[in-house]
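Written below as C-alpha cells is the structure these notes are about.
Residue numbers (the working numbering): -14 to 246.
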C-alpha cells in the first residue's frame, strides 16, 4: 500500500516537472517569436513620403506605438507580438490611411503603404489691406490710401477747391460758384455726384452728399471747410463699402480734421 503511494507520488512529480518544462519552453518560443515590422510610405503618384506619422495599435490589449518615416519614406517597428494590429499613416495634405494587418511570428514582416488621395480641407481665408500713405509722385486713387497734411501742402488748392488730392484730377467752375469736379478712375465726379464725401471730426463721420439737388443726387460741396482745417484725406476707390453708402459706388473721399480743431 505504502509502496503504491510512493510510486504514484513519483509519477505525479515527474508529470509536473515535464509540464513545467514545456511551459517554460513555450514562453521561450514566444519570446523568440517577436516580429520586426518594416515598410515604406508613398503618395498617390508613388513618390516616397518623409516625416509622416505611423501609428500601430494592437487590438488585443490596445497598446500603441508610433514612429516617423525617414528621408526615404521608410518606417520600422521592432519586437512586436503576433496578433491583429491597426496601422495608420498621417501626413499633412493627405487623407489619413488606416488598414488592419495581422502580424505573424515570422521574425520579419513588410507592409508597404500608399496614400489614396489628398485631404479635403475647409479653410477660410481673410484678406486685409492696410491704409498706406500715398506718395506725392506715386498716388493711386484706385486703392484705399491715406494722404497726410505734408502731401496736401505740396498740392495747394485753388479758389473753389479747398484741397487738391494727389492722383485725382479736379476741375472747378469759374468763380467757384459750384463744387469742384473730381475725376476718379473711370468716372467724372460731376459736382461730387458719384463720389461719396465725408467729414471726419472727433471720431464721427459726417456725410456731405445731399440726397437730392438740382445738380443731381449726391451733390457735395467741400467748400464748407477751409483747407487749414484738413489734416488728411482718405480716398477709397476699391471695392464698394456699404459703410460709405450708395454714393461710394465709384469712390469716396473723407476729409479728416485734426483733433485740435
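Ideal Cβ placement from N, Cα and C applies to all residues, glycine included.
How close, in whole Å, do the beta carbons of residue i and residue j come, if the pair is a contact with beta carbons under 8 Å?
| i | j | result |
| --- | --- | --- |
| residue 208 | residue 164 | 7 Å |
| residue 71 | residue 85 | 6 Å |
| residue 195 | residue 181 | Between residue 181 and residue 195 the Cβ distance is about 12 Å, and since that is not below 8 Å, they are no contact. |
Where does residue i land, buried or exposed, given buried means 16+ other C-beta within 10 angstroms?
| i | result |
| --- | --- |
| residue 56 | exposed |
| residue 225 | exposed |
| residue 241 | buried |
| residue 16 | Low per-residue confidence applies at residue 16: pLDDT is 47, beneath 50, and the placement is therefore not dependable enough to give any value. |
| residue 103 | exposed |
| residue 91 | exposed |
| residue 107 | exposed |
State the Cα-Cα distance for the pair residue i and residue j, rounded to the nearest angstrom.
| i | j | result |
| --- | --- | --- |
| residue 202 | residue 232 | 9 Å |
| residue 67 | residue 88 | 5 Å |
| residue 79 | residue 69 | 25 Å |
| residue 83 | residue 190 | 59 Å |
| residue 95 | residue 24 | 5 Å |
| residue 249 | residue 199 | For the chain, the structure presents residues -14 to 246; residue 249 sits outside this window and is missing. |
| residue 131 | residue 110 | 25 Å |
| residue 105 | residue 29 | 15 Å |
| residue 244 | residue 227 | 26 Å |
| residue 188 | residue 77 | 47 Å |
| residue 60 | residue 46 | 23 Å |
What residues in its chain sit with their C-beta under 7 Å from that of residue i, if we drop five residues either side in the sequence?
| i | result |
| --- | --- |
| residue 40 | 49, 51, 73 |
| residue 75 | 37, 38, 81 |
| residue 169 | 126, 153, 180, 222, 235, 236 |
| residue 19 | 64, 65, 66 |
Enumerate in chain order the residues of its own chain whose CB-to-CB distance from residue i is below 6 Å, with the five nearest sequence positions on each side excluded.
| i | result |
| --- | --- |
| residue 21 | 63, 93 |
| residue 186 | 242 |
| residue 44 | 69 |
| residue 13 | Any reading at residue 13 needs caution, since the residue's pLDDT is 47, under 50, leaving its predicted position unreliable; the model's value is listed next. Nothing listed; no residue qualifies. |
| residue 42 | 49, 71 |
Note down, in chain order, each residue of its chain lying with its Cβ closer than 8 Å to the Cβ of residue i, except the 5 sequence neighbours on either side.
| i | result |
| --- | --- |
| residue 31 | 99 |
| residue 27 | 33, 34, 58, 97, 98, 99, 100 |
| residue 229 | 181, 183, 221, 237 |
| residue 210 | 147, 184, 240, 242 |
Counting only runs that start and end within the region 204 to 242, where is the beta strand (DSSP E) found for 3 or more residues in a row?
217 to 221, 236 to 241
Counting only runs that start and end within the region 86 to 115, where is the beta strand (DSSP E) found for 3 or more residues in a row?
For the region 86 to 115, whole beta strand (DSSP E) runs of length 3 or above, ordered along the chain, are 93 to 95.
Entirely enclosed beta strand (DSSP E) segments - the region 22 to 82, minimum 3 residues:
38 to 43, 49 to 53, 59 to 65, 68 to 75
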